[in-house]
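All remarks here apply to the structure that follows.
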Amino acid sequence: MKEVFIPEYLAKSKETLKKVLTDMQYHVTQENGTEPPHSGEYCDEFRRGIYVDVTTGEPLFQSGDKFESGCGWPSFSKPISPDVIRILEDDSLGMQRTEVRSRSGDCHLGHVFEDGPEESGGLRYCINSASLKFIPYEDLDKERRYSNLKVLFE
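This is the structure we're talking about:
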């Protein structure tokens with residue numbers, strides 16, 4: 035029997051993304067934008083679940099690593115795996131920052147700073163809500179590709 039490849043987290047074309055994303059999601063993920071502080075839908079979201087790349091569905095962060103930083107954007111102490119993100123130097127806006135991009139979608143997520151909780155490693159992944167989709171823990175079984183991530187909450 036021939037094995038079939040299922041492309042789970044493939045990047046979409048800019049034309050497709052322009053059609054399926056909101057203007058803000060497109061601006062943030064494709065044009066390296068930033069949503070206004072305290073405006074994103076996930077700033078105050080603290081239910082159990084995972085946060086996935088809005089462009090591909092690839093799991094990026096989990097709620098157990100999310101914390102309130104007061105910065106105005108969702109903050110995480112680490113990604114689900116270091117392999118799901120790319121870190122790049124960003125000297126735009128006349129300052130040195132470290133950009134966080136998604137691996138499979140190559141979309142702008144936000145920036146990482148070294149002022150996070152010491153007990154969690156000291157990093158703060160400051161991520162735009164517009165680059166994410168939240169999947170509540172209760173819904174992880176609804177999509178086969180996320181059910182294996184329930185182990186993150188044990």
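Read in order, the letters of the sequence shown correspond to residues 35 to 188 in my numbering. Here a beta-carbon is modelled for each residue, glycine too, at the ideal position from N, C-alpha and C.
Measuring alpha carbon to alpha carbon, tell me which of the options ends up nearest residue i.
i: HIS145; options: VAL54, GLY67, SER115 and VAL88; result: GLY67
i: ASN193; options: LEU166, LEU122, ILE84 and HIS142; result: With the chain represented from 35 up to 188, any question about residue 193 goes unanswered, as that position is not in the structure.
i: SER165; options: CYS77, LEU174 and GLU177; result: CYS77
Only counting the same chain, and skipping five residues up and downstream in sequence, which positions put a Cβ closer than 6 Å to that of residue i?
i: LYS167; result: VAL86 and VAL88
Based on the DSSP secondary-structure assignment, which residues constitute the bridge partners of residue i?
i: ARG179; result: DSSP lists no partner for ARG179.
i: GLU133; result: LEU122 and HIS145
i: PRO151; result: Beta-bridge pairing links PRO151 to no other residue.
Helix, strand or coil, according to DSSP, for residue i in the structure here?
i: CYS57; result: Per the sequence presented here, residue 57 reads as Asp, with Cys not at that position. DSSP places ASP57 in helix when its eight states are reduced to three.
i: VAL62; result: helix
i: PRO116; result: helix
i: ASP87; result: strand
What residues in its chain sit with their C-beta under 8 Å from that of residue i, if we drop five residues either side in the sequence?
i: LEU157; result: SER111, LYS112, VAL146, PHE147, GLU148 and GLY150
Give a yes or no on whether 7 Å exceeds the smallest Cβ distance from residue i to chain C.
i: SER111; result: The structure shown contains no chain C; it is built from a single protein chain.
Quick one: residues in its chain with C-beta nearer than 7 Å to the C-beta of residue i, no 5 flanking neighbours on either side, listed in chain order?
i: PHE39; result: Its pLDDT being 43, under 50, PHE39 is placed unreliably by the model, and the measurement read from it follows with that caveat. Answer for PHE39: no residue qualifies.
| said: So, does the region 78-96 touch the region 147-155, judging by three or more C-beta pairs under 8 Å? | reply: no
Can we say the region 118-127 touches the region 69-80, given the rule of at least three CB pairs closer than 8 Å? no
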